[in-house]
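Student:
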Amino acid sequence: MNHRPARVAAIHDLSGFGRCSLSVILPTLSTMGVQVCPVPTAILSSHTGGLGEVEFRDLTSFIPASLEHYQRLGLDFECVYSGFLGSEEQIDHCKKYFASYPEALAVVDPVMGDHGKAYRTYTEAMRNRLGELVQVADVITPNLTEACMLLKIPYISEGLTRQEARSLLAKLGELGPNFVVVTGVQLATGGMANIGYDKGNNSYWVVPCDYVPVSYPGTGDLFASVLTGAFLTGDSLPIAMGRATYFVERCIKTTFSYSSDTRYGVMLEKELSVLTDSANQKDFSLL
Ligand code: PXL
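Read in order, the letters of the sequence shown are residues 59 to 345 in the working numbering.
1. Is the segment 260-272 touching the segment 239-252, taking contact as three or more C-beta pairs under 8 angstroms?
2. Whose beta carbon lies closer than 6 angstroms to any heavy atom of the ligand PXL, going through the chain in order?
3. Comparing C-alpha positions only, which one of H151, L290, Q93, C78 sits nearest to L326?
4. Beta carbon of N338, beta carbon of Y316: below 8 angstroms?
5. Counting only the same chain and skipping the five closest in sequence on each side, list residues whose C-beta sits under 8 angstroms from that of G249.
6. If you pair each beta-carbon of the segment 114-127 with each one of the segment 279-295, do three or more pairs fall below 8 angstroms?
7. Am I right that F345 and R224 are in contact with their C-beta atoms under 8 angstroms? What's the rounded C-beta distance?
8. What does DSSP give as the partner residue(s) for I101 in the beta ladder?
9. From F142 to G276, what does the alpha carbon distance come to, in whole angstroms?
10. Going by the CB atoms, is the gap between T179 and T106 shorter than 8 angstroms?
11. Which residue's Cα is closest to the Cα of D341: T313, E329, R301, S331?
12. Exposed or buried, which one is Q148 when buried takes at least 16 other CB atoms within 10 Å?
13. Given that a residue counts as buried once 16 or more other Cβ atoms are within 10 Å of its Cβ, and exposed if not, what is H127?
14. Report buried or exposed for N259, applying the criterion of at least 16 other Cβ atoms within 10 angstroms of its Cβ.
15. On the premise that C152 lies in contact with L208, defined as a C-beta separation below 8 angstroms, what is that separation, rounded to the nearest angstrom?
16. Rank T313, C137, H173 by C-alpha distance to the C-alpha of A157 and give the top, closest one.
17. Less than 8 angstroms between C-beta atoms, sequence neighbours within five positions excluded: which residues of the same chain meet that for D196?
18. Please return the same chain residues whose Cβ sits closer than 8 angstroms to the Cβ of R62, not counting the five positions on each side in sequence.
19. Whose C-alpha, out of V97, F75, P85, is nearest the C-alpha of G110?
20. Relative to the alpha-carbon of P212, which residue among C309, L188, T203 has its alpha-carbon at the smallest distance?
21. State yes or no: is the C-beta of L233 within less than 8 angstroms of the C-beta of A205?
22. When the Cα atoms are used, what is the spatial distance from V112 to I69?
23. Does L188 come out as helix, strand or coil in the three-state DSSP assignment?
24. Assuming E146 and R187 are in contact, meaning their beta carbons sit under 8 angstroms apart, how far apart are those beta carbons, in whole angstroms?
25. What residue does the alpha helix (DSSP H) around D279 start on, and which one ends it?
See the structure below:
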């Protein structure tokens, strides 16, 4: 029997200031007992969200080179997880990673935008190409902006009814993945929630979020990494969603309590320890 921790190839950028991408995925998954093998797509001085001009080192050629190396040595992964990608070419290299590890859990966090707007590095052509990545995914974790971009529908700014929320999830499921989670959804009944769909047992789930009047970069990356870590350690979809929501909310509330500059991201250093106890989870209900 193999007792080593589950191993994830995490294909994402490495950002300096701003606490996002591999910089937060590594400590998060390590704390959950999952080994991360980083496949950096780029090294950036900060995230792209407002800390000045970003110093950018493109690492596109490292993606196929690392894959070739791992395949040649027979090194295996239980999960391949993709996040922020900088070009169509990087998306194509990612597709090859997923195809090379057909047994691995394929997690696609379709990092494209937030608050109804695409990130400035994102092009229309990349959106179409990302759709192809989503087709081969087992799990996708778009926020509401990204969910609408994937479905090629206008951003939904009104609260969703239960029926509308379920239909949004079902349509995303039709794109390919067995598990769909959409974060940051406004509900018609009031309040924000993370919603999920498990296609295998045709169940829809909702985890309500506490409202905090701020937004920080990297919270989507944190959510997707806790969800991935929970899946890899045997949790069901709603339990994984409950753990991810609990952790991200704790990070947001703690950071807000210090009135820190939002562009620096959340103070996960103060909250990582909550991940070691899987009882730290928000309650979930059927949607
Ligand atoms: O949090 C997603 C993300 C990842 N990587 C970079 C980003 C962002 C969001 O702004 O800028 C470089």
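All residues carry an ideal CB built from backbone N, CA and C; glycine is no exception.
Tutor: The answer reads as follows:
1. yes
2. With the cut-off at 6 angstroms, the residues found are D71, S73, C78, S79, L102, H105, T106, G107, F142, V169, Y177, P275, G276, G278, D279.
3. Residue 326 sits at position 268 when you count from the first residue of the sequence shown. Per the Cα distances, C78.
4. The count along the sequence shown starts at 1 and reaches residue 338 at position 280. The count along the sequence shown starts at 1 and reaches residue 316 at position 258. No.
5. Here residue 249 refers to the residue found at position 191 of the sequence shown. Taken in chain order, the residues that qualify are P266, C267, Y269.
6. Judged by pairs of C-beta atoms under 8 angstroms, the segment 114-127 does not touch the segment 279-295, as fewer than three such pairs exist.
7. Along the sequence shown, one-based indexing puts residue 345 at 287. Along the sequence shown, one-based indexing puts residue 224 at 166. With the sequence shown as reference, residue 345 is identified as Leu, and Phe is not the correct amino acid for it. Yes, they are in contact, since the Cβ atoms of L345 and R224 sit about 6 angstroms apart, within 8 angstroms.
8. Taking the first residue of the sequence shown as position 1, residue 101 is located at position 43. L72, R115.
9. The count along the sequence shown starts at 1 and reaches residue 142 at position 84. The count along the sequence shown starts at 1 and reaches residue 276 at position 218. When rounded, the separation of the alpha-carbon atoms in F142 and G276 is 11 angstroms.
10. For the purposes of this step, residue 106 is taken as residue 48 along the sequence shown, with counting starting at 1. For the purposes of this step, residue 179 is taken as residue 121 along the sequence shown, with counting starting at 1. Going by C-beta atoms, T106 is nearer than 8 angstroms to T179.
11. Residue mapping note: residue 341 aligns to position 283 of the sequence shown, counting from 1. When each option's Cα is compared against that of D341, the closest is R301.
12. The sequence position of residue 148 within the sequence shown is 90, counting from 1. The residue in question, Q148, is buried, as its Cβ has 16 or more Cβ neighbours within 10 Å.
13. For the purposes of this step, residue 127 is taken as residue 69 along the sequence shown, with counting starting at 1. H127 is exposed by the Cβ-count criterion.
14. Taking the first residue of the sequence shown as 1, we reach residue 259 at position 201. So N259 ends up on the exposed side.
15. Numbered from its first residue, the sequence shown carries residue 208 at position 150. Numbered from its first residue, the sequence shown carries residue 152 at position 94. Between C152 and L208 the Cβ distance is about 16 angstroms, and since that is not below 8 angstroms, they are no contact.
16. Your numbering for residue 157 matches position 99 in the sequence shown. For A157, the nearest C-alpha among the options comes from C137.
17. The residue given as residue 196 occupies position 138 in the sequence shown. Here the set comprises L163, A164, V165, P235, N236, F237.
18. Here residue 62 refers to the residue found at position 4 when the sequence shown is read from its first residue. Cβ neighbours of R62 beyond the five flanking positions: Q93.
19. Taking the first residue of the sequence shown as position 1, residue 110 is located at position 52. For G110, the closest C-alpha among the options V97, F75, P85 is that of F75.
20. Numbered from 1 along the sequence shown, position 154 holds the residue referred to as residue 212. Closest by alpha carbon: T203.
21. Residue mapping note: residue 233 aligns to position 175 of the sequence shown, counting from 1. Residue mapping note: residue 205 aligns to position 147 of the sequence shown, counting from 1. No, they are not a contact pair.
22. By one-based count along the sequence shown, residue 112 stands at place 54. By one-based count along the sequence shown, residue 69 stands at place 11. The straight-line gap from Cα to Cα measures roughly 20 angstroms.
23. In the sequence shown, residue 188 corresponds to position 130, counting from 1. Three-state result, L188: helix.
24. Along the sequence shown, read from residue 1 onward, the residue named residue 146 stands at position 88. Along the sequence shown, read from residue 1 onward, the residue named residue 187 stands at position 129. Right, the Cβ-Cβ distance comes to about 5 angstroms (below 8 angstroms), so this counts as a contact.
25. Taking the sequence shown and counting its residues from 1, one reaches residue 279 at position 221. Run containing D279: 277-290, per the alpha helix (DSSP H) assignment.
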